[in-house]
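Novice: Take a look at the following structure, please.
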Amino acid sequence: MCDTCGCNVTDGNRHPVEAGGRHATTESGREAVSVLQNLLTENDHEAAHNREHFDRHGVLAINLMSSPGSGKTALLEATIERLGREFRIGVIEGDLETENDAARIRDKGVPAVQITTGTACHLDAHMVHSALHGMALDEIDILFIENVGNLVCPASFDLGQHRNVTLLSVTESDDKPAKYPVMFRAADLMLVTKSDLLAVLDDFDPARAEHYLRQLASGAPTLTLSARSGDNLESWFDWLRHEAVAQEERVAKGETGRPSAQPEGAQLHAHAHP
Amino acid sequence: MHELAVCQALMTQVEQVASREGAARVTAVMLQVGPLSGVEPRLLQDAWPIASAGSIAQGAALSVEAMPVRVRCLECGADSEARPNRLLCGECGGFRTRLLSGEELLLKRIELERDGQAA
Ligand SMILES: Nc1nc2c(ncn2[C@@H]2O[C@H](COP(=O)(O)OP(=O)(O)OP(=O)(O)O)[C@@H](O)[C@H]2O)c(=O)[nH]1
Ligand SMILES: [Mg+2]
Ligand SMILES: [Zn+2]
Ligand SMILES: [Zn+2]
Numbered sequence: 001m002c003d004t005c006g007c008n009v010t011d012g013n014r015h016p017v018e019a020g021g022r023h024a025t026t027e028s029g030r031e032a033v034s035v036l037q038n039l040l041t042e043n044d045h046e047a048a049h050n051r052e053h054f055d056r057h058g059v060l061a062i063n064l065m066s067s068p069g070s071g072k073t074a075l076l077e078a079t080i081e082r083l084g085r086e087f088r089i090g091v092i093e094g095d096l097e098t099e100n101d102a103a104r105i106r107d108k109g110v111p112a113v114q115i116t117t118g119t120a121c122h123l124d125a126h127m128v129h130s131a132l133h134g135m136a137l138d139e140i141d142i143l144f145i146e147n148v149g150n151l152v153c154p155a156s157f158d159l160g161q162h163r164n165v166t167l168l169s170v171t172e173s174d175d176k177p178a179k180y181p182v183m184f185r186a187a188d189l190m191l192v193t194k195s196d197l198l199a200v201l202d203d204f205d206p207a208r209a210e211h212y213l214r215q216l217a218s219g220a221p222t223l224t225l226s227a228r229s230g231d232n233l234e235s236w237f238d239w240l241r242h243e244a245v246a247q248e249e250r251v252a253k254g255e256t257g258r259p260s261a262q263p264e265g266a267q268l269h270a271h272a273h274p
Numbered sequence: 275m276h277e278l279a280v281c282q283a284l285m286t287q288v289e290q291v292a293s294r295e296g297a298a299r300v301t302a303v304m305l306q307v308g309p310l311s312g313v314e315p316r317l318l319q320d321a322w323p324i325a326s327a328g329s330i331a332q333g334a335a336l337s338v339e340a341m342p343v344r345v346r347c348l349e350c351g352a353d354s355e356a357r358p359n360r361l362l363c364g365e366c367g368g369f370r371t372r373l374l375s376g377e378e379l380l381l382k383r384i385e386l387e388r389d390g391q392a393a
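Quick note, the sequences are listed as chains D and E, same order. Residue numbering for the first sequence follows our numbering, beginning at 1 and increasing consecutively. Residue numbering for the second sequence follows our numbering, beginning at 275 and increasing consecutively.
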């Protein structure tokens with residue numbers, strides 16, 4: 001834990017901690033202990049360990065997030081069909097219940113581990129770590145982690161992924177980035193999905209969705225595509241190819257990659273643990 | 275509803291600090307939470323009695339310091355207040371900004387009593 005590795009000490013609080021200023025006495029004579037520790041420290045440590053596993057095995061890990069039904073599994077199916085011979089793909093599926101999504105992926109001939117979270121509305125680093133025991137990482141180039149369909153909770157939990165991809169389907173409204181800033185700020189890539197439906201859902205404007213994303217001070221690229229019609233999937237594949245090369249280069253240099261807008265707590269855990 | 279999970283993680287940390295300090299009872303817990311942490315302080319408050327029940331911190335007051343959203347502009351260098359869904363520079367309107375505050379999800383301080391201390 002951070003009490004022993006000291007990684008919770010930042011420039012802002014180092015001085016009082018070192019000066020023995022951790023302790024003070026309140027008016028009522030009680031002792032006040034200053035802690036300054038991220039509440040998700042334990043999750044962040046486990047995520048750092050997952051990331052080390054991925055890097056050691058040369059795996060690129062991508063976390064897919066969206067509302068329920070935005071087309072995460074359909075996109076993975078289309079991706080496996082097209083890239084399944086170019087890359088060795090593995091999938092971790094997170095859902096509240098059922099093995100359905102993992103079964104859909106296995107039907108495409110790719111290894112998939114299903115995590116059923118029961119009542120938990122997000123994956124956490126510990127769940128992913130247990131799922132990794134069922135994955136032969138040496139035989140995988142790109143690992144997709146399909147998070148639980150939810151635009152709120154998954155954004156707060158680092159899993160050890162290198163990149164976050166957030167999907168927004170055209171059947172939702174284009175102001176979702178303004179309504180769910182925490183989720184969309186976390187995106188390294190925003191995919192506007194189900195573009196084949198744009199003709200009927202003409203009140204959805206992909207440019208407006210991008211405008212709301214920029215308001216979050218995000219420079220993340222956006223792509224509008226359809227897993228059903230195949231429209232613009234090639235751009236998504238190119239992004240994946242680029243990321244796979246970038247991961248190879250990082251691994252060769254002994255470096256790691258993190259989503260660009262990760263909360264401070266996770267950044268503090270950029271150090272390697274023994 | 276990930277606030278219960280966050281509250282359980284908080285309880286683990288409170289128990290670790292309390293046992294390291296040899297506390298008999300934890301009387302107050304203070305957090306710092308920013309709106310961009312994705313955690314809703316009110317839901318944390320609701321989950322706290324459940325998470326702390328039967329623990330060394332049962333009955334302890336949980337207080338949450340709400341942190342402001344502030345950004346620094348990478349174009350013009352200005353620091354300004356922002357909103358969770360509008361993180362642009364308040365001076366020049368630029369979107370290349372860095373968050374100074376607003377993502378915090380920190381256990382700041384714990385108040386405790388040792389054995390023999392009056393309540
Ligand atoms: N028209 C159209 N429908 C799509 C497309 N992609 C997915 N769908 C449909 O949208 C529904 C949900 O797709 P899924 O891929 O299961 O969505 P998901 O995000 O994995 O859903 P959860 O895992 O439950 O959160 C299904 O009925 C799909 O057939 C698309 O590109 N175009
Ligand atoms: Mg799915
Ligand atoms: Zn640490
Ligand atoms: Zn500016």
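Think of the CB as a built atom: it goes at the ideal place given N, C-alpha and C, for glycine as much as any other residue.
I'd like to check one pair, residue 90 of chain D with residue 117 of chain D: are the Cβ atoms closer than 8 Å?
Specialist: No.
Novice: Could you check whether the Cβ of residue 112 of chain D sits closer than 7 Å to any heavy atom belonging to ligand 6?
Specialist: Looking for ligand 6 in the displayed structure turns up nothing; the ligands present are ligand 1, ligand 2, ligand 3 and ligand 4.
Novice: Just to be sure I understand the criterion: a residue counts if its Cβ is closer than 7 Å to at least one heavy atom of ligand 2. Which residues meet that?
Specialist: So the residues near ligand 2 by this Cβ test are D:72, D:73, D:93, D:95, D:101, D:146, D:149.
Novice: What does the Cβ neighbour count give for residue 309 of chain E, buried or exposed, with the cut at 16 atoms within 10 Å?
Specialist: Buried, because 16 or more other Cβ atoms sit within 10 Å of the Cβ of residue 309 of chain E.
Novice: What's the gap between the Cα of residue 198 of chain D and the Cα of residue 385 of chain E?
Specialist: The alpha-carbon atoms of residue 198 of chain D and residue 385 of chain E are separated by roughly 56 Å.
Novice: Under three-state DSSP, which class holds residue 238 of chain D?
Specialist: Three-state DSSP puts residue 238 of chain D in a helix.
Novice: Does DSSP classify residue 267 of chain D as helix, strand or coil?
Specialist: For residue 267 of chain D, the predicted structure reports a pLDDT of 44, less than 50, and the residue's modelled location is therefore unreliable. A value from the coordinates is still provided. Here residue 267 of chain D sits in helix by DSSP.
Novice: Taking the alpha-carbon positions, what's the residue 351 of chain E to residue 344 of chain E distance?
Specialist: Cα-Cα distance, rounded: 13 Å.
Novice: Beta carbon of residue 365 of chain E: closer than 7 Å to some heavy atom of ligand 4?
Specialist: At least one heavy atom of ligand 4 is nearer than 7 Å to the Cβ of residue 365 of chain E, so yes.
Novice: Contact check, residue 373 of chain E vs residue 38 of chain D under 8 Å by CB: the rounded distance?
Specialist: Not confirmed; about 15 Å, so no contact.
Novice: Can you find a C-beta in chain E that's less than 8 Å from the C-beta of residue 217 of chain D?
Specialist: Yes - at least one Cβ of chain E is within 8 Å of the one on residue 217 of chain D.
Novice: Strictly below 8 Å CB to CB, what residues from chain D border residue 358 of chain E?
Specialist: Per Cβ cutoff of 8 Å: 181, 182.
Novice: Please report how far the alpha carbon of residue 325 of chain E lies from the alpha carbon of residue 291 of chain E, in whole angstroms.
Specialist: Using only the alpha carbons, I get a separation of about 16 Å.
Novice: Inspect the beta-carbon positions of residue 307 of chain E and residue 288 of chain E and report whether they are closer than 8 Å.
Specialist: Result no, Cβ atoms of residue 307 of chain E and residue 288 of chain E do not sit closer than 8 Å.
Novice: Output needed for residue 256 of chain D: all residues of its chain with C-beta closer than 7 Å, excluding positions within five of it in sequence on either side, in chain order.
Specialist: Contacts found: 51, 55, 250.
Novice: Can you list, in chain order, the residues of its chain whose CB lies under 7 Å from that of residue 357 of chain E, leaving out five sequence neighbours each side?
Specialist: Answer for residue 357 of chain E: 343, listed in chain order.
Novice: Closer than 8 Å between beta carbons: that is the criterion. Which residues of the segment 328-361 of chain E meet it against chain D?
Specialist: Flagged, chain order: 345, 358, 359, 360, 361.
Novice: Name the residue from D:245, D:36, D:65 whose alpha carbon lies nearest to the alpha carbon of residue 153 of chain D.
Specialist: Checking every option, the nearest Cα to that of residue 153 of chain D belongs to D:65.
Novice: Could you tell me the alpha carbon to alpha carbon distance between residue 119 of chain D and residue 182 of chain D, rounded to whole angstroms?
Specialist: Approximately 21 Å, taken between the alpha carbons.
Novice: Which value, in whole angstroms, describes the spacing of the CA atoms of residue 239 of chain D and residue 259 of chain D?
Specialist: Approximately 15 Å between the Cα atoms of the pair.
Novice: Can you find a CB in chain E that lies within less than 8 Å of the CB of residue 164 of chain D?
Specialist: Taking Cβ atoms only, chain E never reaches closer than 8 Å to residue 164 of chain D, which makes this a no.
Novice: Quick check on residue 202 of chain D: buried or exposed, where buried means 16 or more other Cβ atoms within 10 Å of its Cβ?
Specialist: The residue is exposed, with fewer than 16 neighbouring Cβ atoms inside 10 Å.
Novice: Run through chain E and tell me which residues come within less than 9 Å of residue 34 of chain D, C-beta to C-beta.
Specialist: Ordered by position in chain E, the residues that pass the 9 Å Cβ test against residue 34 of chain D are 382, 383, 384.
Novice: Give a yes or no on whether the minimum CB-CB distance between residue 241 of chain D and chain B is below 8 Å.
Specialist: Looking for chain B here will not work: the only protein chains present are D and E.
Novice: Is it buried or exposed for residue 69 of chain D, if we count other Cβ within 10 angstroms and need 16 for buried?
Specialist: Classification for residue 69 of chain D: exposed.
Novice: Relative to ligand 1, is the shortest distance from any of its heavy atoms to the C-beta of residue 118 of chain D smaller than 7 Å?
Specialist: Answer for residue 118 of chain D: no, Cβ out of range of ligand 1.
Novice: Just checking: is the beta-carbon of residue 319 of chain E within a distance shorter than 8 Å of some beta-carbon in chain D?
Specialist: Chain D, which has no Cβ nearer than 8 Å to the Cβ of residue 319 of chain E, makes this no.
Novice: Between which residues of its own chain and residue 1 of chain D is the CB-CB distance below 8 Å, once the five residues before and five after are set aside?
Specialist: Because the pLDDT at residue 1 of chain D is just 30, under 50, the model does not fix this residue reliably, and the point stays unresolved.
Novice: Strictly below 9 Å CB to CB, what residues from chain D border residue 374 of chain E?
Specialist: Within 9 Å Cβ-Cβ: nothing; residue 374 of chain E doesn't reach chain D, min ~11 Å.
Novice: Can you tell me whether residue 185 of chain D is buried or exposed? The criterion is at least 16 other CB atoms within 10 Å of its CB, across all chains shown.
Specialist: The residue is buried, with at least 16 neighbouring Cβ atoms inside 10 Å.
Novice: Okay, do the segment 22-37 of chain D and the segment 135-143 of chain D touch, 3+ Cβ pairs below 8 Å being the bar?
Specialist: These segments do not touch.
Novice: For residue 162 of chain D, count the other beta carbons within 10 Å of its own beta carbon; 16 or more makes it buried, fewer makes it exposed. Which is it?
Specialist: So residue 162 of chain D counts as buried.
Novice: Return the first residue and the last residue of the beta strand (DSSP E) that residue 184 of chain D is part of.
Specialist: No beta strand (DSSP E) holds residue 184 of chain D; the alpha helix (DSSP H) holding it covers 181-185.
Novice: So residue 156 of chain D contacts chain E; which residues on that side make the cut at Cβ distance below 7 Å?
Specialist: Residues of chain E passing the Cβ test: 276, 311, 312, 313.
Novice: Could you compute how far the alpha carbon of residue 188 of chain D sits from the alpha carbon of residue 382 of chain E?
Specialist: Roughly 30 Å separates the two Cα atoms.
Novice: Between the segment 278-288 of chain E and the segment 364-372 of chain E, do at least 3 Cβ pairs fall closer than 8 Å?
Specialist: Touching, no, given that fewer than three Cβ pairs across the two stretches are closer than 8 Å.
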